[in-house]
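Going down the list, the sequences are from chains A and B.
Under numbering that gives the first Met the number 0, read the first sequence as residues 0 to 121, first letter to last.
Under numbering that gives the first Met the number 0, read the second sequence as residues 0 to 121, first letter to last.
Number of protein chains: 2
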Amino acid sequence: MSQGKPLRPLVRPRLYLGNELSLGPGKIDLLRKVGECGSISAAAREMAIPYKRAWLLIDTLNRGFPTPVLDTTIGGKAGGGARLTALGEALIVAYDALEAKLNTEATAELETLLSLVRGPAG
Amino acid sequence: MSQGKPLRPLVRPRLYLGNELSLGPGKIDLLRKVGECGSISAAAREMAIPYKRAWLLIDTLNRGFPTPVLDTTIGGKAGGGARLTALGEALIVAYDALEAKLNTEATAELETLLSLVRGPAG
DNA sequence: ATACGCTATGTCTAATTTGACATAGCGTAT
DNA sequence: ATACGCTATGTCAAATTAGACATAGCGTAT
Numbered sequence: 000m001s002q003g004k005p006l007r008p009l010v011r012p013r014l015y016l017g018n019e020l021s022l023g024p025g026k027i028d029l030l031r032k033v034g035e036c037g038s039i040s041a042a043a044r045e046m047a048i049p050y051k052r053a054w055l056l057i058d059t060l061n062r063g064f065p066t067p068v069l070d071t072t073i074g075g076k077a078g079g080g081a082r083l084t085a086l087g088e089a090l091i092v093a094y095d096a097l098e099a100k101l102n103t104e105a106t107a108e109l110e111t112l113l114s115l116v117r118g119p120a121g
Numbered sequence: 000m001s002q003g004k005p006l007r008p009l010v011r012p013r014l015y016l017g018n019e020l021s022l023g024p025g026k027i028d029l030l031r032k033v034g035e036c037g038s039i040s041a042a043a044r045e046m047a048i049p050y051k052r053a054w055l056l057i058d059t060l061n062r063g064f065p066t067p068v069l070d071t072t073i074g075g076k077a078g079g080g081a082r083l084t085a086l087g088e089a090l091i092v093a094y095d096a097l098e099a100k101l102n103t104e105a106t107a108e109l110e111t112l113l114s115l116v117r118g119p120a121g
């Protein structure tokens with residue numbers, strides 16, 4: 000009966016984009032948070048991960064893509080911070096589109112998988 | 000335009016199925032190989048991974064699902080080996096269906112992502 | 001000038017994962 | 001009886017990854 004629309008994503012894909020670069024929910028969530036917070040460190044704080052880890056994740060993105068995903072400026076107290084570049088925004092948009100499509104178009108396949116986890120008595 | 004059908008999967012999804020259980024290309028490929036080879040060790044050999052690693056991967060599947068994914072029998076030289084259970088086969092079928100759907104229905108979104116890796120000059 | 005909060009690194013340790021061997025025991029085939 | 005090849009574990013070192021601190025330097029605000 001197809002069950003309304005939960006719309007809570009069942010699956011958050013991870014893409015292997017060659018060149019040792021992968022893009023999954025972790026980096027996307029971080030990127031989005033940085034866009035919201037306006038700085039890497041604020042995003043890291045909110046996500047409860049060390050600043051260095053956040054910076055490193057961003058760094059792998061900057062290296063993996065032809066142009067950086069963030070515009071960063073040094074200096075604190077309203078001076079410095081980070082903003083998404085056009086590429087950064089495009090990544091989020093494209094990822095979200097893929098995730099949404101996956102979770103609407105392939106719901107049946109996903110439910111099949113999940114039902115197998117629960118077993119016949121699920 | 001839509002470009003024929005390469006049908007080579009652009010993305011091989013990894014599913015997080017709760018309970019510390021994840022299902023991605025690695026375990027699926029292994030499962031399939033075991034089905035082809037008729038034993039865990041032969042599959043491991045062909046995939047060039049240590050037997051123990053293969054066995055461990057299978058083990059996490061067996062623990063994560065309500066019933067085992069393999070029927071194993073001890074004893075060598077045509078005596079022992081492993082065969083897929085109904086669940087094991089179902090997993091492969093369901094995964095393949097999901098992967099196929101993802102790679103046919105979401106080609107546009109995937110291409111968008113890939114184009115971003117290459118940049119405007121790609 | 002001082003303080004604050006940010007980017008950008010470096011270093012070192014702990015935790016986790018991976019890999020390589022080793023071993024026990026079983027079931028067919030010879 | 002012996003050999004072979006499989007499942008099923010155990011152990012232990014190596015490699016990789018994650019985490020915790022430490023530090024340098026800059027740019028706004030006060």
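For each residue, glycine too, the CB sits at the ideal point set by N, CA and C.
In its chain, beyond the 5 residues on either side, Lys-32 and Cys-36 have a beta carbon closer than 8 Å to the beta carbon of B/Glu-45. Going by C-alpha positions, A/Ala-47 is about 14 Å away from A/Leu-56. Here DSSP, grouped into helix, strand and coil, assigns A/Gly-78 to coil.
A residue is called buried once 16 or more other Cβ atoms fall within 10 Å of its Cβ, and B/Val-10 is buried on that count.
Inclusion of B/Ala-81 and B/Ser-38 in the CB contact set at 8 Å is warranted, their separation being smaller than that value.
According to the DSSP secondary-structure assignment, B/Asp-70 is paired through a beta bridge with B/Arg-82. Contact between the stretch 82-97 of chain B and the stretch 60-74 of chain B is present: three or more C-beta pairs spanning the two stretches fall below 8 Å. For A/Lys-100, a Cβ of chain B is located within less than 8 Å of the residue's own Cβ. According to the DSSP assignment, A/Gly-17 belongs to no alpha helix (DSSP H), since it is labelled neither H nor E. Where B/Pro-24 is concerned, the enclosing alpha helix (DSSP H) starts and stops at 24-36. Look at the beta carbons and you see the stretch 21-31 of chain A not touching the stretch 18-30 of chain B: under three pairs across the two are nearer than 8 Å.
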